[in-house]
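Note sheet for the following structure.
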Amino acid sequence: MGAEGPHARMAISLEIFFFLDDNARPHTARDTKEHIRRLGCQRLDHLAYSPIILPPFSCIEAALLGRQFRSNEEVRWVVKNFLRSLGIDFYQEGFLKLISQYDKCINVRGEYMEK
């Protein structure tokens with residue numbers, strides 16, 4: 000498979016591999032953490048929520064605004080279908096922005112930063 004297509008994958012070096020851990024979740028399993036440690040992955044804590052660093056998914060809010068739901072399951076279904084409809088470019092752009100923001104944070108050694 001050639002690397003010239005519009006959806007060509009970038010080569011990724013696994014020599015330096017970070018595991019992005021959403022540490023806000025209180026139910027992260029101990030066994031999972033141990034397995035990740037045994038694999039030799041370096042754990043990179045998820046940044047605390049900040050609209051500057053990780054902008055909110057305002058598109059989801061807009062899709063749900065003004066709607067009434069009968070159950071949590073209905074909300075999950077609507078959100079899941081909405082996210083599936085966004086397309087590859089939306090997610091690629093989001094990951095590139097996340098990488099850029101983490102790079103900025105690493106370069107200032109975690110000190111406060113603005114946009």
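For the sequence shown, numbering that gives the first Met the number 0 begins at 0 and goes up steadily by one. A virtual CB, placed ideally from N, CA and C, is assigned to each residue, including glycine.
Worksheet item: How many Å lie between P25 and A61 at the Cα?
Response: Summary for P25: the model assigns pLDDT 49, below 50, so the residue's position carries little reliability, and this model does not support an answer.
Worksheet item: What residues in its chain sit with their C-beta under 6 angstroms from that of I105, if we drop five residues either side in the sequence?
Response: Here the set comprises nothing.
Fill in: Separation of D102 from Y58, as counted between CA atoms
It should be noted that the sequence gives Cys, not Tyr, for residue 58. Cα to Cα, C58 sits roughly 25 angstroms from D102.
Worksheet item: By how many angstroms is the C-alpha of L63 removed from the C-alpha of S99?
Response: Going by the C-alpha atoms only, they are around 29 angstroms apart.
Worksheet item: Cα separation between V78 and F94?
Response: The straight-line gap from Cα to Cα measures roughly 19 angstroms.
Worksheet item: Should V74 and F68 be called a contact, given that it needs their Cβ atoms to be closer than 7 angstroms?
Response: Yes, Cβ-Cβ distance for V74 and F68 is below 7 angstroms.
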